[in-house]
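One line per chain: the protein sequences are X and E, in this order. The opening position of the first sequence corresponds to residue 0 in numbering that gives the first Met the number 0, with each subsequent residue numbered one higher. The opening position of the second sequence corresponds to residue 0 in numbering that gives the first Met the number 0, with each subsequent residue numbered one higher. All C-beta atoms, glycine included, are put in the ideal place defined by N, C-alpha and C. No experiment lies behind these values; they were computed from the predicted model shown.
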Amino acid sequence: MKNLQRMDISKLTESMPLSRLPARQLSRRWFFQDCGIGLAGMAASALLASEASVQGANRALAPRQPHYAPTAKRVIYMFQAGAPSQLELFDPKPELTKRNGQLPPAGLLDGYRAAFINPNSALLGGKFPFVKHGQCAMELSDRLPHLGSIADEICLVRSLHTDAVNHAPAQIMMNTGSQQFGRPSFGAWTLYGLGSVSENLPGFVVLTSAKGTSGGASNYGSGFLPTTYGGIPFRSAGDPVLYLSNPPGIDARAQRVSLYTLEHLNRMAMERIGDPAIEARIEAYEMAYRLQTSAPELMDLSSEPASVLAMYGIKDLNEASYARNCLLSRRLVERGVRFVQLFHEVWDQHGDLKAGVTRNAEATDQASAALVKDLKQRGLLDDTLVVWGGEFGRTPMVQGGNDGRDHHNRCFSLWLAGGGIRRGYVHGETDDFGFNIVSDGVHVHDLNATMLHLLGFDHTRLTFRSQGRDYRLTDVHGKKVDALLA
Amino acid sequence: MSRIYAGLCIHFLIATCALAIPLACFGDTPVDFVRDVQPILAEHCLHCHGADPDSRQSGLRLDIFEDAVRGGESGQPAIVPRDLHKGSFLERVLSNDDSTLMPPPEEKNPLSKSQITTLQKWIAQGAEYASHWAFVPPEKSVTRQSDLHPIDALVSNKLASMNLTFAPQAEPSILCRRIYLDIIGLPPTPKELEEFSRDGIEKTVRRLLASERYGEKWARPWLDLARYSDTNGYEKDLRRDQWIWRDWVIAAINRDQPYDQFIIEQIAGDLLPNATQEQIIATGFLRNSMLNEEGAIVPEQFRMFEMFDRMDCIGKAVMGLTTQCAQCHNHKFDPISQDGYYGLFAFLNNTYEAQSWVYDSAQQRELAQLRSDFAASDERVRAVRGNWVGELELFAQRLIDLQVAWTPIGFHQLESISGLNHPVQLSDRSILMLGHRSADVFFVAKGAWQGTTGLRLEVLPHRDLPFSGPGRTSTGSWDVLELEVLLRPPGSKEWNKQTLVHASADYSQPEQKLDDGKKSLGPVAYLIDGKDANAWKADRGNGRRNQASVAVVQFTQPLECPPDTEIKVVLRMKDMLGCCRLSLTTDSAPTAAPVDYEAVRAAAIPAASRTAEQQTALFAAWRKSVPELKALNDEIEAIWQRYPTAMTSVLHLAQRADVQRRETRVLLRGEWDQPIAEPVQPHVPVALHPMPSGQSADRLAFARWLVDARSPLAARVAVNRVWQAMFGDGLVETSDDFGTRAPVPEHRELLDWLAVDFMERGWSQKHLIEQIVLSKTYQQQGHTSNEILDRDPKNRWLARGPRFRADAEVVRDIALSVSGLITHRLGGPGILPPVPQNVLDYNYVYPDYWKPATGAQRYRRTVYGFRKRSMPDPVMSSFDGPNGDLSCARRSRSNTPLAALAGLNEPVFVEAAQALALRILRESIADDESRAKVGFLLCTARQPSELEVATILGLVAEQRQRVAEGWLNPREIATGDPAKLPELPGQCTPQDAAVWTLVARVLLNLDETISKN
């Protein structure tokens, strides 16, 4: 035991970082080959770049350079699960309003597969007036006044389309590029490609409000990528990170000394056995210890000024809400977190359309817009990609009575901001009914290809080999949409 | 020879100055096509010049010698063996012109210099092709050093060629722990460590292999592959009962069922002659796919997704081949065409998604007794009624005479009012309602309804329903609240509701009042009473629940409708029907005879053609119709009342009836709703061993083909997986893919030797494991020098023993075991572990059944933990346990802070620390040094060093002081409850328990505790 001395607990303080013990010189090659990561498609220079920054054995998360200079270094994806109605929020259709109650024109529905309704149901006009905003004169529903105030910052895509028409497969499609379960999520791909630059927090954090999503944990899972790349939920109630609190009766000092003892014993094992995995384990415990401080600190909004809370519309600091999650997203990216994803599952308005959309817009509009403004104020918007959208759209035809819409995959809307996205721009056009796309269709794969491009990746080259095949987020599809780029 | 090469080299150097390669290179070590060349071709060339004719460019194929030599459309040879300046292949590969360079620069997948050199060497040496190694049946290579264990002989050859030798044998205690963790997944107790030093390795191995704990450990990799879960997945993610299949796996592994039989029973156990309940349970394997119950789905879409999943699973688990690519197009690298994919698919496609009851052995005895009692009673019936045969046929004739002519309605619109369910009408006009359970369906047909007097509702069993239905509840029961008929004349917008009268049925259960008499179930009159509170229900109880029923209603007067009148039939239900048929008649006053409908249906079949079941149904109906048999009938009825409620049920496969045979078609781009017209017959890929001729190409034949002794893959894949479980990585690292893109294994001969030996030893996994454990290769110490770590970071060469963190289940079982908490009991329903409330709250459908296990159940082995797909167990997933979305052949092995937090703070781990503390106090004399040694030994199986003991004592001393000063509440630390006293041994104090709980928590989290060393 040449390096290790009898430990001296008396000199420990709770704030002292754990790892004060000398790390054994590790085999360099091990880092490159044994972290379980095949960096297929990564440029050799990227590997060299990461070599310099290897601090410990958790190299899987070491920061890496993408294929080319990125405009976005991090992502906040506000996923609106349940599928918000584009016709009530983003895509004004005066003709549809005019034909309210009539049957759709013949031929429009040929070969169409609706989820719930008999496609031959009456047309339903949009429930809300639209208002022009900003210098770009972007038309948005009157339910979205706050989004209107940042119209010149955002890019609204009205011509998104997807393959799936049921919630779970469609959410999985949006988030992993496949309707079938088992693929890595966009956040996991991002972390795999870029690594993490956060010292004290995970690289991919998930924040949830409302109820559980249809797609469940697979919406932010690592799929066939190593587990390390999966999203980690930070929870509004109870421990923000699972099992973060010490067991009953164990105070900070007892924890500190326990972990120091653990590290000391593990280092002795490292000295004797020389398995680099032990070093990785030591680091994981160290990170866990740091998380015990950093996660509660992150979740504690008491240091945020009243003006900021007001901007987001947060009334109760501790009450779980979408607005609170928006502010937490900003705090997370400030602390270096690479990918933050919000899930808000409320938008499935088969009925109660008018009141439901109003209620949901009230709960999300102000905070979503505030996040963009806040990022901008802090100079973070330029290299943070912000995305707001759900898994599909809703039918122009009514479902049940006169206050509901069914699932619709042929067109829906989504907005993006920051990170190299074109500002004050509306992309794509749908027909008079909001049924089909007329121009500039953007498939989910195209959107994902574009977002990866902003992060510095050629989507065809960010690959991972599983079962002999080089998988991509965009499967074998996708085309970057240049018009969306600044 | 060398002169020729020299000449070639010079020529080549002049031609391509960019690549300066020493002359000697081409005569050097021989290039191995399979190891060196094929991977390059597969990676860079074959997606355009490979087996797939659709994506082939310029008609050139490079994966076959004859084609490469002949060349493509250009007519020029691509490769000229032993000639480096002829042939378009090298010319294009070496081209300086981007427009001719191969691979095309835009693919951004260029060849490296060393790859080009390899290709040149290969061509210079004659461009010999060989079949992909994994498609050639394995053979045992001769091992020269006969005194060595065959594994060691093969490994030492390899090591010698690398100038390496075996590492020393691991210390006995470490080796003992390794063997325990590998065979039974539990660490040895100190007493077992002593036994090991007395008994030696061989005896210990045999004892462990005979332990029931062995099956619990080795089931897990198969459960991963089978994507086993206790819930259905997708949005609803409702509970399913499938644990009996999991128990079947454990039992099969414990009895060392030969692997070929293990596979055959799981894929086609139901088709074996006289299939047992166990063999039917086995087919639950392929039913572990996710099941979508979301509203408004088209069930066929998700059945197809299940089929894709089954193909993926068999590919990974048995064939070791990626099949997914060929779902959409011909495989680019491996010889599976899209047609071949659907050829395999066709073997599996003709099945029902069945669910059946499973009876435990006592119940099976009870059932056997019932059957014999029924037989005896029937015998007495026959004795009493000497002319029973004649009476029965007379009875059958009477039933036939009572029948009127019914015309089943063909509906053009089948929907649910809510839109949540999409019923489909089958060729016999029965209506199948799978998918979301929405209890409000209606069907519309158009016609001229002339003289129509009545409507018949047949409630029909179907094997895609639970227990054949006919209902959709968890027992297959059903009810109908209201049956309505509406008419709409052509051109009208108004539906006119028709008054229905005189409801009759074959059977209605005795009336059952609910909700203080506000609701009522039973009589068929409730079908048309206009009140949704009351329902027709015909539940005949255990054993007779899942059969057909019929109801007939009449119109007040015959319908006389003009052509194109629409008729709408509405069914409102509480417990939804799964299958029914609606028919009309013009006969006067139609009614349903009060005779079980199964018997009515049987009567219509000539006596000689009736199945045993049909004959039994008819016999029962007949005897019930004979007043003189009342006493005997009552006796038989009393036997029925003893029919047991099944222990559980299982989702399994069942072969579709011939009349419902399902054709398989190639799907365009793999889209479930884009079949091409021509059906595909079941067939196997030509690149693999053929199917024995003259056999019917059914699922059973397919299962046998998969594990045929001539299969080049089955045994290799199986032994590789065992190797992976013991060494951390397989000999083929991609244990789910042995195709051409898989890395060629360093120890190919070893893999082949093991595979052949495995088959020679009757596909015995226990024998295989014993072989491996007894090898020097396995027994090496796990650590090594930095130099070897540098040269071989992943231990491909096997110059050291295995060392890696244990799997999630083993990590948790270690904590439960060393703390003494663990409860051993084989099998049973999934155990609900404690899960934080904030995790439970975040479900789409809240799992209100989640009441965490308490007492001994809580500490059952982790393999019995309940797995919910959309809410992966937080402890399992932080230690890389897969969540059952799809088949998983190898887990990743991460090291995350989440895993650290789980090990430190998760309630069961904390309870384990508290229990371990008490165990340490119990099992050592009352001084801290001896306690430290006992605790360390329990967790790591070795004695701690002086420094380690001192380190532990440092923690003890400080925390003792802090407890004494009142900083810590000892009771709270030791029990979780500030007021509760731990159960202290002898002289110990709560302070001891608290301090040692802190130590135990550290010990349970040691790298050596959670690793296999």
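Proximity test, residue i beta-carbon vs the ligand FMN heavy atom, cut-off 7 Å
{"i": "G417(X)", "result": "Absence of the ligand FMN from the depicted structure is noted, as is the absence of any ligand whatsoever, leaving it without description."}
Residue range of the alpha helix (DSSP H) that includes residue i
{"i": "M267(X)", "result": "251-272"}
{"i": "F554(E)", "result": "Run containing F554(E): none in the alpha helix (DSSP H); it sits in the beta strand (DSSP E), 548-559."}
{"i": "H145(X)", "result": "144-148"}
{"i": "E597(E)", "result": "596-602"}
{"i": "T459(X)", "result": "T459(X) -> no alpha helix (DSSP H), and no H or E assigned at all."}
{"i": "P216(E)", "result": "Position check: residue 216(E) holds Lys in this sequence, whereas Pro was assumed. Element bounds for K216(E): 211-224."}
7 Å CB neighbourhood of residue i in its chain, flanking five on each side removed
{"i": "E296(X)", "result": "none"}
{"i": "A956(E)", "result": "none"}
{"i": "D372(E)", "result": "I638"}
Cutoff 8 Å; reference residue i; Cβ partners in own chain excluding five residues on either side
{"i": "F391(X)", "result": "A82, T161, A163, V164, A169, H406, H407, N408, F411"}
{"i": "A39(X)", "result": "Only weak support exists for where A39(X) lies, its pLDDT of 33 falling under 50; the coordinates are left without a value."}
{"i": "A14(E)", "result": "The predicted model places A14(E) with a pLDDT of 40, which falls under 50 and marks its position as unreliable, so this point remains unresolved."}
{"i": "P681(E)", "result": "G342, L343, A345, F346, T663, A696, D697, F701"}
{"i": "I39(E)", "result": "L110, Q114, T117, L118"}
{"i": "R866(E)", "result": "Y227, S228, D229, T230, G829, D872, M875, N882, G883"}
Cβ-based neighbour list, residue i, same chain, cut-off 6 Å, excluding 5 preceding and 5 following
{"i": "A898(E)", "result": "S877, F878"}
{"i": "A48(X)", "result": "With a pLDDT of 31 at A48(X), under the threshold of 50, the modelled position of that residue is not reliable, and the figure given next carries that caveat. So the list reads Q64, once near-sequence residues are dropped."}
{"i": "D33(X)", "result": "The pLDDT assigned to D33(X) is 35, lower than 50, so where the model puts this residue is not dependable; a value taken from the coordinates is nonetheless given after this. Around D33(X): no qualifying Cβ."}
{"i": "I919(E)", "result": "R930, V933, G934, W995"}
{"i": "I266(E)", "result": "A702"}
{"i": "D1015(E)", "result": "Since the first residue of chain E shown is 0 and the last is 1012, residue 1015(E) is not available in this structure."}
Extent of the continuous beta strand (DSSP E) to which residue i belongs
{"i": "E138(X)", "result": "137-140"}
{"i": "Q412(E)", "result": "412-415"}
Interface residues of chain X facing residue i [CB-CB closer than 7 Å]
{"i": "D236(E)", "result": "G215"}
{"i": "C938(E)", "result": "None at all; the shortest Cβ gap to chain X is about 10 Å."}
{"i": "Y841(E)", "result": "T207, G211"}
Cross-chain neighbours of residue i in chain X, by beta carbon under 8 Å
{"i": "L864(E)", "result": "Looking at the sequence provided, one finds Gly at residue 864(E) rather than Leu. The premise fails here: G864(E) is roughly 16 Å from chain X at the closest Cβ pair, so nothing lies under 8 Å."}
{"i": "A901(E)", "result": "L241, Y242"}
Identified DSSP bridge partners for residue i
{"i": "H426(X)", "result": "V156(X)"}
{"i": "L158(E)", "result": "DSSP, once it has assigned bridges, lists no residue as partnering L158(E)."}
{"i": "S710(E)", "result": "DSSP, once it has assigned bridges, lists no residue as partnering S710(E)."}
{"i": "W356(E)", "result": "S648(E)"}
{"i": "D439(E)", "result": "R571(E)"}
{"i": "A653(E)", "result": "Y351(E)"}
{"i": "N495(E)", "result": "L486(E)"}
Closer than 9 Å at the beta carbon, the chain E residues around residue i
{"i": "T189(X)", "result": "Near T189(X) there are no residues of chain E at all, since even the closest Cβ is about 17 Å away, more than 9 Å."}
Chain E contact residues for residue i, given Cβ-Cβ distances below 8 Å
{"i": "F411(X)", "result": "Result: empty, since nearest Cβ-Cβ is about 17 Å, beyond 8 Å."}
Where residue i meets chain X, residues with beta-carbon distance less than 9 Å
{"i": "R802(E)", "result": "I272, D274, A276"}
{"i": "E483(E)", "result": "Chain X residues near E483(E): none, gap ~18 Å exceeds 9 Å."}
Amino acids of chain E, ordered along the chain, whose beta-carbon sits closer than 7 Å to that of residue i
{"i": "H166(X)", "result": "E234, E293"}
{"i": "G181(X)", "result": "D884, L885"}
> Residues in the segment 207-236 of chain X with C-beta within 7 Å of chain B's C-beta atoms, listed in sequence order?
Replying inline: The chain inventory of the structure shown lacks chain B, comprising the protein chains X and E.
> Any chance the segment 720-730 of chain E sits against the segment 110-121 of chain E, with 3 or more Cβ pairs inside 8 Å?
Replying inline: no
>> Check whether the segment 238-256 of chain X and the segment 828-843 of chain E touch, using three or more Cβ-Cβ pairs below 8 Å as the test.
In response: yes
>> Three Cβ pairs or more, each shorter than 8 Å: is that satisfied between the segment 305-325 of chain E and the segment 462-469 of chain X?
In response: yes
> Does the count of Cβ pairs from the segment 124-138 of chain E and the segment 707-715 of chain E closer than 8 Å reach three?
Replying inline: yes
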